[in-house]
Structure formats: structure tokens, C-alpha cells
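Residue numbers (my numbering): 40 to 600.
Structure first, then comments.
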Amino acid sequence: MRSRHQLTDDQVANASGALTATLNRQQWLTDWLAHAMIDLERVVMNPDVQPHVRFFLKGGRALAYLFGRPQDGANDWDSQVLIDPDLPADEWYAVYRKVSNRLLVALMRKKAEFYSLLNVNAAALIALPLPVGVPVDPFDDAAPDPGAMPETPAEDSALEDEEMPYSRSCKAELIDVGMPRRDTIECREQWTQLAHDIIRPTEGMPIPGFAYYIDEYLTMVREFFAGEPRAQAKAHKRIERLAELFARDGAAIAILDAYQRIPNGILQIAAQPVAAFAAGQLPPARQPLHYALIELLDQFAAAYEMDVEPLLAAQFAEFFVEWMPQAEALAGQDARARFRLSVDAGPMADAIGFGQWLSGRLQAHVAGRAALIAAQREAIDALIRTLYAASIFDQHSELELQMAIGGSLAAALHAEYEHARGAALEPVGKVTVGLYYTDRATDPATAIELVKPLLAPFVDPQPGALFQMDDSHPGRLLLFAANVEIIEPFGPYQPLVIEIVAKRVRVRPLISFIWGFPVLSLRDLIIEYQTRAAHVVEFAMRGVLRRTARSLTDMLMKVRQ
């Protein structure tokens, strides 16, 4: 670009966007790029790196394929390579080198092909009128890349001349291949979501499945109701897009999967009222609303692990059903009036706003449980010390089982030890103790049986016992409060206080000793939080887990300095 005046970054970005859109709207180039994506997938998915690698198209282009309208895509072809983050580091980087080298060779060949194709079609390109502004992209509401930063165009002195002394280079983006690092939370989250959910609905193009897009758009709408500034500009389009997603046949399968994951204790209370509430809407609004409510039930149940807390699940379901009819008033943002939403999208948007309100109540409930844990810390500390002092965890011998505190209590102990008072951590709503082993032959149920007798002094029917034991879950012991508690906003129930879980791991975790307690090392605790965040899609809880992982990473960096 040349000009008599100083060129701004916005002007260069707009010119680059217009050039990208102009090129990507040429049918000859679109056809070639579509075939190029399939070719790149073949290169990436070589049998010698399977089953540890995935390749897919993402962004607005992928969304166009999901809706069966690939011809409507107007932006560059963003793609992603994922490598299984659970691979040991040496194996992961060996796969990374193979895939990267093959991709570089393939992209160099594609570059040569593109120049040849460009030469053949040069006359047609030259004859095109100059673009005025950036054409509207019907799929520009797709989720942005995690951590992506806008690119600042570079100065280019080679283009300068006397009449137009100011020059900047602009470029058209055609193919972009991303590959998140092994140690990033994005890599772990995307692998968890997509390792088994890449579909080919249109012309064989690999793209994320419906469940991924439903979760992404529901999250982006939740961001709007949470008042996040970045979510405001495209909120209208994203609400309408989610309603459109729910109307697709492929969404029904994803919603059925979500429905089947919801604990029976919640379904017994909420399934019929939710269906009746949706049926009371105008016909176009029924399915999007019903699907959104099912998604919310599934997300909250998974985020707060209600499958192992039936009493909490029942309290939550009753609260959900009680307040659901007031969804429009509780939504917090008057999305209907603000955006003039379509008939099918309005009630669905209110339901998601209700979900944001409900999330706040659940976070307050966790804070209340944390206060209960704090009041019982003396008894909890005594129980943990009794477990660790037992002969099966004797520090002077090599044993198959290794015990360590994990989860929120481990994070709190590290923060206390490192004097990280401002760390954004998950509240200690329950205490998690892990029993780690590496041998495939080890039976987790047997591991649990080894520790059960050690808990006898702390559980009913001992006089004054604070806990009741539930050993009905294989490989897990649950200790609930012996007394009924009332923790807002729910009615009386017995909350889970301590869980003891037997876990098989590839490599034994490193252990830190803090105030005499065996605690997962910062490195292993970060991985634990990244893994939990990867399995939780509920907006608020995932945010809590991500922030905790970041705070722990900051502590680890401080320790290493």
C-alpha cells in the first residue's frame, strides 16, 4: 500500500481483510483450497502418528461447512493440528517434529501450486474491481482462537517512492495451521472435546462436531450475560446462531448425549417440568429452549460433580424447577428488547441468562461449603495425618500406592506456603485425597479397601463423628457431613466433605510436603487443574479452574526463579 499520508494499522488491516475476502471469493481458489485442506489432513494423519493426532478445519469456514453452505465462507482457511497432551513429553515432541516437518514440506508444495494457479488466473484477478471495505462474512460470529493476538502489519520501505512516501505491506491470508503446545490448557481442552468428535458433514471436510459448537456458542452467550465487554458486539448474531444450531438434526444427537449424562436424581425431578415449560412456548421457540435447558442441566451437573452427590443433585434440581419460570426476569440483560430477537431465539436467550444467574447462586453455595470445611479443618487434618502415618504409606519403603492431597486444598496449601495471598484459587468446597498407582494389575477397589479401616475412628457410628462414609462407588470413598447443613441457596442436606480416589497414572506424581501434609507438587497440580478444566464446559466453573491453573503456574514460575 502506498499513500501520501501516514498509514494506520487499521487501514492496513482493512486492506488485508478486503484482499483476503476478494481472493477467497474466487471459485477457482476456493476449490483449490478445499482440496488443499483434504491433502493436508492426509499428510498430518499419517498412520505412524495415530491415534495421537487430529486435524480439522475451524473458524467461520468450518461453520459454513457445518451448515452445508461452504460457498458462503469468506475468510481464510484456519485449521488446527492437535497432539494428545497425555503422551509423555519425549513422545509428544517426537510426534510434533514428524508432523511439523511433513506440514512444512506440504505447505511449500502448496505454495508452488498456488503461484502456478495464480499465474493462470492473473488476467481475471487484474480485471476485478478494487474492493471497497471488507465484505460481510456471514460466519464471522465463530469463536476466536484462544489467546490469538491481532497481527500488526510491518513497515515495508521497499515500496516507498517520492510521490507516495508512506507505504505498508498488506497480505491475503489463505491457509493458517495452528498447533497448540503440549503444556497449554487449550491443547488439553480441545483434545478432550474433539479427539472423538470430528465429523465430515459436507464434501468430506473434517470439522468439529455439533456438541463442540453448541458448547462454544452457549459459552459465548453466557459471556454476554456475564457482562464481558468482548462478548457484546457479536452477541445478537451468536444468540441467533445458537438457535439455528439447535434446529439442525445433528444437534439432536448431541442433546441426547447430554440428556443421558444427566444424573437420574436430577432427571426424576426436572425432566418433566423442563419439557412442559418448553412446550408452553410458541412452536418455533420450543426446541431451542428445551435443548438449552437440557444443556444447562448437563453442564451444571458435570461442573459440580452431582453424579456422586445425589442429595446436592436433588436440591439443585428442585431449585432449578422453582426458578425456571422466572427466567426472563432473572436473565439480567434484556436481550429480547435490545436485539429484537427472533421468535425461536428469545426464550432460549432468557434461559441462558437464567443459567448465568443460577451459576452465581452455585458459586455462592461453594463458598458456603468452603466455610464449613474451614470450620472442620482440625478434624480433617487429623484424618489425613492418620491416613498418611499408616503403614501402607510408610515413607521408608517402596510401595505401589502413593498418597497425596490434590484439588482445591492442595492449591490453598501451596498458596499459603508461597505467601501468594492474592492468588485466584478455587474455594476449598471439598477435600480431595488421591491414591496413585502405576501398575495396570492394581485394583482400585482393593486400594480403597486398604484405607477403609483407618477411617473407622472418624465416621459413624463413632460417638461425635463428623462424617458418614459412602463406599458404593468403585475406586472411591466419599465422606459426607454427618449432620444436615443448610447452605444457601439450597435447603438442608449432607454435603460431601472428603473424597478419597484411587487413580492409575503413567508416572508417579511428585510430592511436596507442606506443614507435614503430602501434597501434589505444583507441576502435577497444574496438570490436574488443566485436566479438570478440559472436562468442564460450564462457563463459570471452567473460568474458576482456568484461573486456578494460571495462579499455580505463576507460583511455579516464582519458585523456579
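All residues carry an ideal CB built from backbone N, CA and C; glycine is no exception.
With DSSP run on the structure shown, which of helix, strand or coil describes residue i?
i, result
"Ala538", "Contrary to the premise, residue 538 reads as Glu rather than Ala in this sequence. Here Glu538 sits in strand by DSSP."
"Arg41", "strand"
"Gln569", "helix"
"Tyr343", "coil"
"Phe556", "strand"
"Thr526", "What sits at residue 526 in the sequence shown is Ile, not Thr. Looking at Ile526 - three-state DSSP - the assignment turns out to be coil, as it is neither helix nor strand."
"Met218", "coil"
"Ser381", "coil"
"Arg227", "helix"
"Pro268", "helix"
"Gly243", "coil"
"Ser551", "strand"
"Gln415", "coil"
"Leu198", "Model confidence at Leu198 stands at a pLDDT of 45, short of 50, so the residue's coordinates are unreliable; what they give is reported in the following sentence. Correct three-state label for Leu198: helix."
"Thr471", "strand"
"Ser511", "coil"
"Leu96", "strand"
"Leu584", "helix"
"Ala234", "coil"
"Leu591", "helix"
"Met188", "Any answer about Met188 is weak, because its pLDDT of 43 lies below 50 and its placement is not dependable; what the coordinates show is given next. Coil at Met188, not helix or strand."
"Met596", "helix"
"Ala520", "strand"
"Arg400", "helix"
Work out the CA separation of residue j and residue i for me, nearest whole Å.
i, j, result
"Ala54", "Leu167", "15 Å"
"Arg400", "Ile553", "33 Å"
"Leu464", "Thr587", "5 Å"
"Gln326", "Asn140", "47 Å"
"Phe519", "Pro500", "13 Å"
"Arg585", "Gln569", "7 Å"
"Pro189", "Ala145", "No answer about Pro189 holds up, because its pLDDT of 44 lies below 50 and its placement is not dependable."
"Pro502", "Ala403", "32 Å"
"Val347", "Ile253", "26 Å"
"Ala101", "Gln338", "24 Å"
"Ser208", "Arg41", "9 Å"
"Val546", "Gln415", "33 Å"
"Tyr476", "Leu426", "16 Å"
"Met147", "Gly248", "30 Å"
"Glu212", "Ala161", "18 Å"
"Arg479", "Arg543", "8 Å"
"Ala572", "Glu344", "13 Å"
"Glu225", "Asp180", "20 Å"
On the DSSP letters alone, give me the boundaries of the alpha helix (DSSP H) that residue i sits inside.
i, result
"Phe153", "Ala128 to Val159"
"Leu284", "Ala274 to Phe285"
"Met363", "Segment: none, Met363 is in no alpha helix (DSSP H) and carries neither H nor E."
"Arg108", "Where Arg108 is concerned, there is no enclosing alpha helix (DSSP H), given that its DSSP letter is neither H nor E."
"Val51", "Asp48 to Asn63"
"Pro483", "Pro483 to Val490"
"Asp288", "Asp288 to Arg300"
Ignore the nearest five residues each way along the sequence and tell me which others in residue i's own chain have a CB closer than 7 Å to its CB.
i, result
"Ala449", "Val558, Leu559 and Leu564"
"Arg239", "Pro245"
"Tyr330", "Phe285, Ala290 and Ile294"
"Gln395", "Arg261, Phe264, Ala265 and Gly371"
"His91", "Ile122, Asp123, Leu126 and Val134"
"Leu321", "Val382"
"Tyr251", "Gln232, Leu233 and Asp236"
Quick one: residues in its chain with C-beta nearer than 6 Å to the C-beta of residue i, no 5 flanking neighbours on either side, listed in chain order?
i, result
"Ile525", "Pro531"
"Met580", "Ala342"
"Ala356", "Ile305, Ile308 and Ala309"
"Glu367", "Asp389"
"Gln229", "Leu121"
"Arg221", "Pro124 and Trp131"
"Glu255", "Ala182"
"Ala459", "Met594"
"Ala52", "none"
Only counting the same chain, and skipping five residues up and downstream in sequence, which positions put a Cβ closer than 8 Å to that of residue i?
i, result
"Trp71", "Glu152, Phe153 and Leu156"
"Ile419", "Ile412, Val470, Val536 and Ile537"
"Arg424", "Gly555 and Phe556"
"Phe316", "Leu328, Leu332, Met363 and Pro364"
"Val472", "Ile423, Leu426, Met442, Ala443, Ile444, Gly445, Ile537, Glu538, Ile539 and Val540"
Return the first residue and the last residue of the beta strand (DSSP E) that residue i is part of.
i, result
"Gln119", "Trp116 to Ile122"
"Phe178", "Here Phe178 belongs to no beta strand (DSSP E), and DSSP marks it neither H nor E."
"Phe497", "Phe497 -> no beta strand (DSSP E), and no H or E assigned at all."
"Phe316", "That residue, Phe316, is in no beta strand (DSSP E); its alpha helix (DSSP H) goes Asn303 to Ala318."
"Arg81", "Note, Arg81: premise wrong, no beta strand (DSSP E); alpha helix (DSSP H) at Gln66 to Val83."
Should residue i be flagged as near chain B, meaning a C-beta pair shorter than 8 Å?
i, result
"His404", "Although the question refers to chain B, the structure presented lacks it and comprises just one protein chain."
Alpha helix (DSSP H) runs wholly inside the segment 438-462, at least 4 long, in chain order = Correct list: 446-456.
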